[in-house]
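Under our numbering, the sequence shown is numbered contiguously, ending at residue 791.
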Amino acid sequence: VMDGVLGTKLIKEHFPAIKVVILTTFKDDEYIREALKNGAEGYILKSQPADSIVDSLRAVGKGSIVLERAVASSLSAMLKEDKKKAKTDLQLTDREMEILELVGQGQTNREIAEILFLSEGTVRNYVTALLEKLNLRDRTQLAIFYLKNY
Numbered sequence: 642v643m644d645g646v647l648g649t650k651l652i653k654e655h656f657p658a659i660k661v662v663i664l665t666t667f668k669d670d671e672y673i674r675e676a677l678k679n680g681a682e683g684y685i686l687k688s689q690p691a692d693s694i695v696d697s698l699r700a701v702g703k704g705s706i707v708l709e710r711a712v713a714s715s716l717s718a719m720l721k722e723d724k725k726k727a728k729t730d731l732q733l734t735d736r737e738m739e740i741l742e743l744v745g746q747g748q749t750n751r752e753i754a755e756i757l758f759l760s761e762g763t764v765r766n767y768v769t770a771l772l773e774k775l776n777l778r779d780r781t782q783l784a785i786f787y788l789k790n791y
């Protein structure tokens with residue numbers, strides 16, 4: 642018997658292109674963190690309405706990372722505690738840190754643009770710059786980087 646976190650890790654190790662969404666009844670902070678560290682593109686609770694779950698799956702299929710609001714709030718609180726760690730030696734600007742945090746929380750470019758009062762294209766440019774600066778391949782790795790380091 643294997644849990645979703647271990648299953649995610651094994652799937653991502655052997656089939657990295659497969660998108661994994663954790664659908665669970667558990668809102669356990671450590672389980673959430675481990676699932677995302679192992680490469681899950683989404684973490685949603687079964688208590689969500691069916692149409693919301695379907696929308697989340699479609700969003701992941703289009704490349705987004707999806708976290709149900711209660712999970713994102715829990716994750717955000719958990720990450721704020723970790724934020725006391727040093728920024729590392731990456732020399733990220735305050736704006737890059739804001740973008741990185743919002744990507745780590747599962748926000749889309751459009752949502753980040755609305756939150757920070759930027760154009761979606763500007764957000765896309767920041768995400769691309771972060772990927773290059775951090776030597777990461779994609780948005781999922783960027784979110785995982787945030788979760789591991791902040």
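Beta carbons are placed, not taken as given, at the ideal position from N, Cα and C, and that holds for glycine.
query, result
"Under the three-state DSSP convention, the category Ile756 falls into", "helix"
"Residue burial classification, Ser714 (beta-carbon count within 10 angstroms, cutoff 16)", "exposed"
"Inter-residue spacing [alpha-carbon to alpha-carbon] between Arg736 and Ile652", "34 Å"
"Option in Phe758, His655, Gln748 and Ile685 with minimal Cα separation from Arg780", "Gln748"
"Pair within 7 Å by beta-carbon distance, Ile673 and Leu716", "yes"
"As assigned by DSSP and simplified to three states, the class of Tyr672", "helix"
"Assigned exposure category for Gln746 - 16 Cβ within 10 Å defines buried", "buried"
"Cβ-Cβ distance between Val707 and Val701 below 7 Å", "yes"
"Which of helix, strand or coil DSSP assigns to Ile846", "In the structure as shown, the chain starts at 642 and stops at 791, and residue 846 therefore has no counterpart that could be examined."
"As assigned by DSSP and simplified to three states, the class of Leu733", "coil"
"Alpha-carbon to alpha-carbon, Gln732 and Arg710", "30 Å"
"Alpha carbon of Ser760 to alpha carbon of Thr769, nearest angstrom", "14 Å"
"Beta-carbon proximity check, Val662 vs Gly683, cutoff 7 Å", "yes"
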